[in-house]
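With this note's numbering applied, the sequence shown covers 1 to 505. In what follows, a single structure is set out as structure tokens and then discussed.
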Amino acid sequence: MRCFLAVLALTLGLGCTRGQPKKDAPSLRMAVVTDLKGYLEPCGCTSDPLGGIDRLAAQIRALRDGPAPVIFLIAGDAFFDTAELEPVRVDQANRNARTLAGILTGLELTAVLPGRSDRAQPPEALAALEEASGFRWLAMESDADVFQTDAGSLRLAVVGVRPGAGRDAVAAAVRRVQKETDLTIALVDGSRRDANRIGAVDGVDFVLQGGLDEDEPIPPHQAGKAWVLHASRQGQGLTVVDIFRKKKDEPFMDRSEWSRSERAGQLDRRIEDLSAKIAVWEKSGDVDAADLDTQRARLAELQTKRQALDVPSAQAGGNSLFASWIPLPKKAPRDRDVEKLMLEHDRVVNAANKVAFADLAPAPLGHGDIAYVGSAACGACHQAAYAWWRNHAHGVAYLTLQQRSKEYNLDCVGCHVTGYDQPGGSTVTHNLNGALVNVGCESCHGPGAAHGKDPEKVGIVRDTPASTCLQCHNTQHSDLFDFDAYRKTLVVPGHGLAPMVRGGD
Ligand code: HEC
Ligand code: HEC
Ligand code: HEC
Ligand code: HEC
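This is how it looks when you write it as structure tokens:
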């Protein structure tokens, strides 16, 4: 495995360019990812998918070509997004974790603080993954551990804090190396309170906050003398922190535009609220004049604070940081070599699942269950509806997966086929010889063998309730879903609209 990883690092062409600190360049650039959760890429279902380890790789490479030394760290679940994998998913999830660890090794990740889902995996699986990784795993044996590394002219201490670890263990770890370090970075997997608690430990300069599992990245905030940093989840983006360290043992000033605009936005909202209230009080005339003056003074104070934010701060003589969050949208550059590894991974998973689940048949029909027949069978009588459906997104949903080598992927197939996991329906490998691929008529109208056999006597669900759509159109996969608006686009001539009812439909 180590050989494989060495080859990987070579094929990525890394390990040659190393920026040396220049005048006016940051002393250090820190690339932070939090709660990656095993995501190699976003599913691609939503309107503006963010993420992709190939896009992350392109950013890390660009940073390494820059003027400052780079340290790359991950806090919180890195490889798994759930503590207890369903048995059928174990192989796919482990394969995924191995691919990810290989790619991160190639990107010269410095260290990871595994999160709680990572740590809940069977010890042998975890040990094998760690063994195959070319980066450090933090706080695996103890509550808090620390290692030192050089970056440019700085000696860094990187502290791993195990979920739930006490403050004392962390303080002791920091103290052990404090004398000979210039900067101390602690990685945490826990709540905001946990991060603040660790930030308050004497000697800690930065806390990387894993464990929040939140989409929205949070700008730097202070805890004790430390700055807490966060970077969204699932690899949707990375937080890059330019650190200018001029003096030892001095606190850092946050000069980030990110924080400034966040504070400006908050103040703008408070000013707007208070101005509106004051206007109402002035008009009503029944608010005490003294009280009104107090409120006006409060408003003026807020406005002064707000204006101060518009004045560019004097050039920093002391220690400072500039943090920014870099989202990874579809159009972000991709690292071609990593992209190739991902494609290869998808092909391998597809092929492996096809074999592993070859015998996974759907549950047999129970008493009262109706069999699925597939859309083509409905089309024999409902030609117009069938013609419409074939050109609709639902009619090509399986092709969407096939084009990405994901049609046997357990994370994908369920919503892109018909009758998944239903009695007489489909599984990852069984789909009535292709009749149940795509989101067919029966996804919405229910299984239709009985109706198809004797349509005069046996009916079928006519109108689909929103709850059926939501089984697939959930917020994670269909962010813009609005039942009425989406439904309207389905009810068209040939499918559900009155004029076509007579023409045999
Ligand atoms: C053998 C021909 C035939 C087949 C096969 C068939 N249908 Fe029908 N379907 C009909 C006829 C005829 C009606 C009108 C029945 C009525 O008005 O009583 C109908 C009505 C419907 C309706 C309207 C129900 C209502 O209450 O107004 C839906 C929805 C429907 N079919 C869906 C399907 C689906 C989905 C399939 C495939 C699983 C299917 N049909 C297969 C002939 C067929
Ligand atoms: C079995 C899962 C499933 C169910 C149930 C389902 N959909 Fe979908 N739907 C999908 C998938 C998957 C796609 C995207 C297919 C593709 O493009 O590959 C989609 C796409 C759509 C689109 C096209 C969106 C676009 O941007 O073009 C509309 C509209 C839609 N669905 C509406 C509905 C409505 C309304 C319902 C319920 C009446 C429903 N769907 C039920 C899975 C489902
Ligand atoms: C929970 C159900 C669900 C799962 C699981 C799911 N999808 Fe989807 N997918 C959808 C729905 C619903 C849409 C349509 C969303 C919309 O238009 O609002 C969609 C749309 C898409 C689209 C956009 C199609 C287009 O042409 O615009 C792609 C690509 C896609 N899915 C790929 C995947 C992949 C790859 C996976 C697995 C990693 C996956 N999906 C897993 C439900 C799902
Ligand atoms: C994404 C969900 C969805 C899919 C897929 C879908 N339908 Fe429908 N269908 C609907 C909805 C919603 C209506 C409107 C019901 C109403 O107006 O009461 C409808 C209406 C109908 C009607 C009633 C027409 C009428 O006015 O009497 C028929 C027949 C029908 N669908 C057949 C089909 C067939 C056949 C397919 C597959 C080729 C199919 N549908 C695929 C959701 C779906």
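Note that the Cβ used here is the ideal one computed from N, Cα and C, for glycine as well.
When the beta-carbon positions are compared, Arg334 and Arg55 come within less than 7 Å of each other. Inclusion of Val207 and Ile198 in the CB contact set at 7 Å is warranted, their separation being smaller than that value. Taking 6 Å as the cut-off, one finds no heavy atom of ligand 4 near enough to the beta carbon of Arg167. Around Ala75, the same chain offers Thr34, Leu113, Leu187, Val188, Asp189, Leu208, Gln209, Gly210 as residues with beta carbons nearer than 7 Å, after the five sequence neighbours per side are excluded. Counted as a single uninterrupted DSSP element, the beta strand (DSSP E) harbouring Asp189 occupies residues 183–189. Around the C-beta of Leu360, fewer than 16 other C-beta atoms lie within 10 Å, and the residue is accordingly described as exposed. Val437 is bridged by DSSP to Val417.
The beta carbon of Lys330 is closer than 8 Å to those of Asp48, Pro49 in its chain, skipping five residues each way along the sequence. Scanning the segment 141–225 for uninterrupted beta strand (DSSP E) segments of 3 residues or longer gives 144–151, 154–161, 183–189, 206–210, 221–223, listed from N- to C-terminal end. Contact between Ser232 and Asp215 holds: CB atoms are separated by about 6 Å, below the 8 Å threshold. If you ignore the 5 residues before and after Ala356, its C-beta comes within less than 8 Å of the C-beta of Asp91, all in its own chain and listed in chain order. At least one heavy atom of ligand 1 is found less than 6 Å from the C-beta of Gly448. Taking the C-beta atoms as reference points, Ala173 is found nearer than 7 Å to Val146. A direct Cα-Cα distance of roughly 34 Å separates Leu299 from Ile326. The count of Cβ pairs closer than 8 Å, one atom from the segment 424–435 and one from the segment 368–385, reaches three, so the stretches are in contact. Judged by DSSP in its simplified three-state form, Ala31 adopts strand. Bridge pairing for Ser320: Phe244, Met253 [DSSP]. Per the CB criterion, closer than 6 Å to any heavy atom of ligand 2, the qualifying residues run in chain order as Ala393, His394, Val396, Ala397, Thr400, Cys415, His416, Val439, Ser443, Cys444, Thr464, Thr468, Cys469, Gln471, Cys472, His473, Tyr486, Arg487, Thr489, Leu490. In the three-state DSSP reduction, Arg404 falls in the coil class, being neither helix nor strand. For Phe72, the enclosing beta strand (DSSP E) has its first and last residue at 70–75.
Membership of Leu470 in the alpha helix (DSSP H) is indicated by the continuous run 466–470. Taking C-beta atoms under 8 Å as the contact rule, Val240 and Ala226 fail to qualify, at a distance of about 18 Å. If only uninterrupted alpha helix (DSSP H) runs of at least 4 residues are considered, those enclosed by the segment 328–379 are 336–356, 375–379. Between the segment 140–157 and the segment 174–183, the count of Cβ pairs shorter than 8 Å is three or higher; the stretches touch. Cβ atoms of Leu274 and Leu309 stay farther apart than 8 Å, at about 17 Å. Judged by beta-carbon spacing, Ile103 lies within the 7 Å limit of Ile53, meaning their Cβ atoms are closer than that value. Relative to Asp293, the option among Ile278, Gln307, Arg306 whose CA is nearest is Ile278. Here the segment 410–417 lies against the segment 432–440, with 3 or more beta-carbon pairs under 8 Å apart. Distances from the CA of Val32 to each of Leu238, Val177, Glu407, Ala83 were compared; the closest alpha carbon is that of Leu238. Residue pairing for Ile326: DSSP places it in a beta bridge opposite Leu238. The C-beta distance from Ala97 to Phe80 rounds to 6 Å, short enough to meet the 8 Å contact threshold. Within 6 Å of the C-beta of Ala385 there is at least one heavy atom belonging to ligand 4. Ranked by Cα distance from Pro493, the first of Ala165, Ala384, Asp484, Gln471 is Ala384. Distance from the C-beta of His477 to the nearest heavy atom of ligand 3 is below 6 Å.
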